[in-house]
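Listed in order, the protein sequences are those of chains A and B. According to our numbering, numbering within the first sequence proceeds without interruption in unit steps and concludes at 372. According to our numbering, numbering within the second sequence proceeds without interruption in unit steps and concludes at 187. By construction, the Cβ of each residue, glycine as well, lies at the ideal position given by its N, Cα and C atoms. Just below is one structure, and these are the notes that go with it.
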Amino acid sequence: MAEKVLMKGNEALAEAAVRAGCKLFFGYPITPQTEVAAYMSKRLPKVEGGVYLQAESEVAAINMVYGASASGARVMTSSSSPGVSLKQEGISYLIGSDLPALIVNIQRGGPGLGGIQPSQADYWQATRAVGHGDGHIIVLAPSTVQEMADLVALAFELGDKYRMPAMILADGLLGQMMEPVVLPDVLDSAALPDKPWALTGHQGQRRHQTINSLHLDAQELENSIIRRFERYETVRLVEQRAECYLTDDADVVVVAYGAASRVVRSAVNHARDEGLKVGLIRPITLWPFPTQAIDLQIEKSQAFLAVEFSMGQMVDDVRLVVNGRRPVSFFAHTGGIVPTPEEVVVAIRRVIAGEQIDIVPFKSKLTGDRA
Amino acid sequence: MDKPMNIMLAGFGGQGILFAGKIIANAGLIDGREISWLPSYGPEMRGGTANCSVVLSDEVIGSPLVTTPDVLIAMNLPSYERFINSVVPGGVVIADSTMVGSCTMRRDIEYFAIPATALAEKNEIQGLANVICIGKLLALTGFSSEDVVKQAIDKSVSAKHQDLAEANKRALQIGEAWATSEC
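So, in structure tokens, the structure goes:
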């Protein structure tokens with residue numbers, strides 16, 4: 002087995018991207034994401050054909066990504082929440098042009114400039130409204146430094162396969178922390194998929210191709226969107242990923258992703274020590290949301306509890322799957338506050354006792370029920 | 005299998021708090037344990053207080069954020085005041101008594117005062133009070149072995165500062181050898 006090294010999540014992600022054959026990085030620094038760009042600025046100039054470019058803005062960077070992707074290259078950009086908002090127009094153009102690219106969001110608290118501490122408040126942006134128009138991107142949510150590295154190759158692979166942009170949605174905690182990581186093997190460049198649609202020059206040997214998101218004919222636009230949504234249906238069916246932890250006998254299942262799932266895992270272990278039958282479903286794909294894993298759990302469990310670092314975004318997706326068949330409770334902190342496992346254990350105890358709770362940190366302290 | 009050890013290191017920016025955490029984390033890595041290292045990365049690290057959570061465990065680590073430390077290394081007074089009441093009963097506190105008082109009001113913890121900053125100056129290894137505290141932690145808890153922590157120092161010191169590794173190892177031994185009185 003390859004050697005374990007101690008790395009920050011941001012750095013492990015960047016190295017994994019290089020090993021997955023990404024030679025092009027366009028970005029702009031912002032806390033808590035800056036180590037991704039800093040690492041690439043040192044690493045990519047040493048790679049044959051590698052380009053690191055600090056653009057004049059996030060808007061410029063995402064449009065450089067568009068151009069590189071159109072030429073068939075593996076390409077990425079990274080930012081944190083306010084910077085991702087600036088990239089949204091370009092992401093919509095990537096969707097409309099069926100172009101793959103990796104976009105990394107190391108979330109911080111918002112709205113506006115917000116703060117720089119860990120947050121999950123961009124869930125809706127990533128899964129619902131990553132740009133204007135009908136469309137989706139693939140969204141992957143790592144929860145360890147190892148996954149910060151491992152999900153990079155998957156994001157590129159799925160992006161290429163379905164011709165969709167893919168996002169890694171992490172947060173400041175995962176970006177800044179160090180853990181042991183086994184870095185993935187270097188991908189053989191021969192293993193990269195063919196992209197016959199890419200604009201690589203044709204020297205009169207074939208008909209010219211265009212990559213474009215403009216369709217002034219309404220019927221043509223509707224047709225193109227429907228074709229894209231047919232692909233989305235396949236992605237929804239076959240690409241869902243989730244981890245189930247101690248769910249087999251669980252009376253209550255907590256749903257949490259990313260850094261929040263780590264706090265919940267600690268809380269689940271504490272609660273199990275008290276004899277409480279509780280488990281964790283951790284979505285790894287946020288789009289497509291792992292509806293199958295939650296659907297299978299409904300027969301086994303009496304209630305669900307969603308835990309997030311936001312005022313309640315992913316909980317919508319949990320409620321959509323559960324569809325009233327079981328009560329869904331909610332617990333959160335937001336704005337950069339990371340809940341403690343002890344607080345989550347208190348919420349678990351109440352849900353196990355049969356309460357339906359909806360706890361958010363109103364008035365700067367936990368005041369209890371909102372419903 | 006040992007119980008997880010949740011460690012909080014805290015002090016001024018510039019005292020090498022994050023570096024000290026990195027030595028502990030690298031020792032855990034060499035020992036083949038599960039580890040996490042989480043720095044404060046807010047505005048406080050630019051001239052104010054810096055802190056760092058390190059977890060050593062034999063099981064998968066959940067939250068890497070240490071809120072109730074088993075071990076606190078406090079290298080200045082604001083850090084001592086901020087974290088002393090969060091230490092679990094029976095926990096270990098190592099305080100740099102050049103910067104923090106040598107006594108505590110808490111009776112339910114083990115409190116060790118070591119004049120780390122003064123010791124570093126006396127031994128002409130200014131700036132290595134952090135590693136002196138790690139030495140004391142090693143002597144008190146045996147979180148790893150001296151040999152492994154020395155290897156961890158080599159791993160933690162950046163390639164261009166390898167000449168400083170020896171001074172770090174000397175600081176480690178000074179901390180290990182220093183006899184503190186509990187109060």
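Helix, strand or coil at residue i according to DSSP, with G and I counted as helix
i         : result
A:Ile-92  : helix
A:Trp-125 : helix
A:Ser-365 : Only weak support is given to the placement of A:Ser-365: the predicted model assigns it a pLDDT of 39, under 50, and the value that follows is read from those uncertain coordinates. In this structure, A:Ser-365 counts as helix in the three-state DSSP scheme.
B:Asn-127 : coil
A:Val-329 : strand
A:Val-187 : coil
B:Thr-108 : coil
A:Thr-78  : strand
B:Asp-100 : strand
A:Val-85  : helix
B:Asn-81  : One detail in the question is off: residue 81 of chain B reads as Leu in this sequence, not Asn. Note: B:Leu-81 maps to helix in three-state DSSP.
A:Ala-62  : helix
A:Ala-167 : strand
Endpoints, alpha helix (DSSP H) assigned at residue i
i         : result
A:Val-256 : Looking at the DSSP string, A:Val-256 is not in any alpha helix (DSSP H); the run it does join, the beta strand (DSSP E), is 253-256.
A:Gln-108 : Element bounds for A:Gln-108: not the alpha helix (DSSP H) but the beta strand (DSSP E), 102-108.
A:Ala-348 : 342-353
A:Arg-320 : 315-323
B:Ala-171 : 169-181
A:Leu-174 : 173-177
Buried versus exposed call for residue i [16 or more other C-beta atoms within 10 Å across all chains shown]
i         : result
A:Phe-363 : Below a pLDDT of 50, predicted positions are generally treated as unreliable, and A:Phe-363, at 49, falls in that range; the measurement from the model is reported next regardless. Exposed is the call here.
B:Met-12  : buried
A:Ser-190 : exposed
B:Met-5   : Caution applies to B:Met-5, whose pLDDT of 48 falls short of 50 and renders its modelled position unreliable; the model cannot decide the point.
A:Thr-211 : exposed
A:Lys-24  : buried
A:Gln-204 : exposed
A:Gln-220 : exposed
A:Glu-234 : exposed
A:Pro-194 : exposed
A:His-133 : exposed
B:Arg-37  : buried
A:Ile-1   : In this structure chain A extends from 2 to 372, so residue 1 of chain A is not present and cannot be described.
B:Gln-166 : exposed
A:Asp-135 : exposed
A:Gly-280 : buried
A:Asp-1   : In the structure as shown, chain A starts at 2 and stops at 372, and residue 1 of chain A therefore has no counterpart that could be examined.
B:Asn-134 : buried
A:Pro-33  : buried
A:Phe-1   : One cannot answer for residue 1 of chain A here, as it falls past the ends of chain A, which runs 2 to 372.
A:Ala-354 : exposed
B:Glu-170 : exposed
Residue i, enclosing beta strand (DSSP E) - first and last residue
i         : result
B:Met-9   : 9-16
B:Asn-89  : Element bounds for B:Asn-89: n/a, residue is neither H nor E.
B:Thr-145 : That residue, B:Thr-145, is in no beta strand (DSSP E); its alpha helix (DSSP H) goes 133-145.
A:Phe-157 : Here A:Phe-157 belongs to no beta strand (DSSP E); instead the alpha helix (DSSP H) covers 146-163.
B:Lys-159 : No beta strand (DSSP E) contains B:Lys-159, which is instead part of the alpha helix (DSSP H) from 150-160.
B:Glu-114 : 114-118
A:Lys-9   : 5-9
A:Val-140 : 139-141
Original post:
In chain order, which alpha helix (DSSP H) runs of at least 4 residues are fully inside the stretch 18-79 of chain B?
Top reply: 21-34
Original post:
What runs of the beta strand (DSSP E), each 3 residues or longer, lie entirely inside the stretch 11-59 of chain A?
Top reply: 25-28 and 52-55
Subject >> Interface residues of the stretch 28-49 of chain B facing chain A [CB-CB below 7 Å] >> reply: Ala-29, Asn-30, Leu-33, Ile-39, Ser-40, Trp-41, Leu-42, Pro-43, Tyr-45 and Gly-46
Original post:
Given a limit of 7 Å on CB to CB distance, which residues of the stretch 41-68 of chain A reach chain B?
Top reply: none
Subject >> Whole runs of the beta strand (DSSP E) within the stretch 210-266 of chain A, excluding any shorter than 3 residues >> reply: 243-246 and 253-256
**OP:** Please go through the stretch 269-315 of chain A and give each complete alpha helix (DSSP H) segment of 4 or more residues, from N-terminal end onward.
**Re:** 292-298
**OP:** Compile a chain-ordered list of the residues in the stretch 333-348 of chain A whose CB is closer than 7 Å to at least one CB of chain B.
**Re:** Val-339, Thr-341 and Pro-342
**OP:** Compile a chain-ordered list of the residues in the stretch 50-67 of chain B whose CB is closer than 8 Å to at least one CB of chain A.
**Re:** Val-64, Ile-65, Gly-66 and Ser-67
Subject >> Interface residues of the stretch 68-83 of chain B facing chain A [CB-CB below 9 Å] >> reply: Pro-68, Leu-69, Thr-71 and Thr-72
Original post:
Any residues in the stretch 178-197 of chain A with a beta carbon nearer than 7 Å to a beta carbon of chain B? Which ones, in chain order?
Top reply: Met-178, Met-179, Glu-180 and Pro-181
**OP:** May I ask you to list, following chain order, the residues of the stretch 19-34 of chain A that have a beta carbon less than 8 Å from some beta carbon of chain B?
**Re:** Thr-32 and Pro-33
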